[in-house]
Amino acid sequence: AQSVTQPDIHITVSEGASLELRCNYSYGATPYLFWYVQSPGQGLQLLLKYFSGDTLVQGIKGFEAEFKRSQSSFNLRKPSVHWSDAAEYFCAVAGTGGGNKLTFGTGTQLKVEL
Amino acid sequence: DAGVIQSPRHEVTEMGQEVTLRCKPISGHDYLFWYRQTMMRGLELLIYFNNNVPIDDSGMPEDRFSAKMPNASFSTLKIQPSEPRDSAVYFCASSLTGSLFFGSGTQLSVL
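Sequence lines, in order, name chains A and B. Under the working numbering, think of the first position of the first sequence as 46, with each following residue one higher. Under the working numbering, think of the first position of the second sequence as 4, with each following residue one higher.
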C-alpha cells in the first residue's frame, strides 16, 4: 500500500528565508506525487504535481519540488518565504495504476515570523 | 468554473440526528472523492466514485455512513444516526487527470 511521511509537524521560518518541507513516500513503482496547501478554514489547493519527466517541477506561488527516486523523496522548496505562505502543507501520493486515489501525509504547519 | 461546491459550510446537530452533506463537482470531472479531516487522524479517504459508480468505499467507517452519486453533478454523504465522534471537516474533491480539486469543506459538529 502507498504511504507518505512528512517528518516535520511544525516549521518556523523568517520572512525572506528559504524553505524546504520534507516528504518521503512508499510505493512499489514510480508514483504520482503532489503538494497541497491548506489555509485555515479552507480546502486544499494544489501547489504542484509530478507525474513523469523532469524531476524538478515548478508550481504556483513560487514553489518547486524535486523528485528523487533514490531517496523516495519529494521535498518542497521556496527560495524566499512570504508571510502569506503561513499555512499547512500536505504531500500526497497516488499509484499510477489508475483510480486517482490519493494518500496524504499528516501535514506540516508552517509559521512565518516577520 | 466555480470549483467544487459543498453545502452546508457548517452543520451543528445533535447526536442521533441524520446529517446530509452535499457536493457539486467541477463540470466534466469523472472522479469524485469524499475525505474526512480530523486533528487525530488527518485526511482520510472515505469513498470515491468514477463516472458516478462507487469504486472504493473501504474508508467508510461504519454502516452509519452512506454516499450516493445519482448523476455527474451531484453527490451526497449521509450519516445516520450521527455521533459526537463524527465531528470533523468533510471535504469533497473531484478530478479528471489525477489532480484533485477540493471544495471548502463542511465543518460538522455533533453535540
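All residues carry an ideal CB built from backbone N, CA and C; glycine is no exception. These figures come from a predicted structure and were not determined experimentally.
In terms of Cβ geometry, Thr57 (chain A) and Gly150 (chain A) do not form a close pair [threshold 8 Å].
Between Val126 (chain A) and Gly73 (chain A), the beta carbon gap of about 35 Å keeps them out of contact (Cβ cut-off 8 Å).
Counting every other CB atom within 10 Å of its CB across the protein chains shown gives Arg88 (chain B) a total below 16, marking it as exposed. The Cβ of Leu89 (chain A) sits closer than 8 Å to at least one Cβ of chain B. Close partners of Ser78 (chain B) in chain A (Cβ separation under 7 Å) are lacking, with about 15 Å as the shortest Cβ gap.
Taking a cut-off of 8 Å for Cβ pairs, the region 83-100 of chain A and the region 104-113 of chain B touch, as three or more such pairs fall below it. One Cα belongs to Gln40 (chain B), the other to Leu49 (chain B), and the distance between them is close to 10 Å. If you check the CB distance, Phe96 (chain A) and Gly31 (chain B) do not come in under 8 Å. Within 9 Å of the CB of Leu48 (chain B), the CB atoms of chain A belong to Lys146, Leu147, Thr148, Phe149, in sequence order along the chain. By the 16-neighbour rule on beta-carbons within 10 angstroms, Gln83 (chain B) is exposed. Cα atoms of Ser97 (chain B) and Leu103 (chain B): separation of roughly 6 Å, rounded to the nearest angstrom. Setting aside the 5 residues that flank it on each side, Ala75 (chain B) is surrounded in the same chain by Asn55, each with a C-beta closer than 7 Å to its C-beta; the list follows chain order.
With a cutoff of 8 Å on beta-carbon distance, Lys27 (chain B) and Phe94 (chain B) are scored as not near each other. When secondary structure is reduced to three states using DSSP, Gln9 (chain B) falls in the strand class. If you draw a straight line from the Cα of Asp59 (chain B) to the Cα of Leu121 (chain A), it is about 30 Å long. The C-alpha of Lys156 (chain A) lies about 13 Å from the C-alpha of Val82 (chain A). Taking 8 Å as the Cβ-Cβ cut-off, the region 46-71 of chain B approaches chain A at Leu46, Leu48, Tyr51, Asn53, Ile58, Asp59, given in chain order. For Ser118 (chain A), the enclosing beta strand (DSSP E) begins and ends at 118-123. The three-state reading of DSSP puts Ile105 (chain A) in helix, counting H, G and I together. Measuring C-alpha to C-alpha distances from Ser61 (chain B) to each of B:Glu47, B:Pro73, B:Met72 identifies B:Glu47 as the nearest. Buried is the label assigned to Val22 (chain B), since at least 16 other Cβ atoms lie within 10 Å of its Cβ. Looking at the backbone, the Cα of Leu111 (chain B) and that of Phe119 (chain A) are separated by about 33 Å. Interface with chain B (8 Å Cβ-Cβ cutoff): Gly152 (chain A) is included. Listed by position along chain B, the residues whose Cβ is nearer than 8 Å to that of Tyr77 (chain A) are Gly101.
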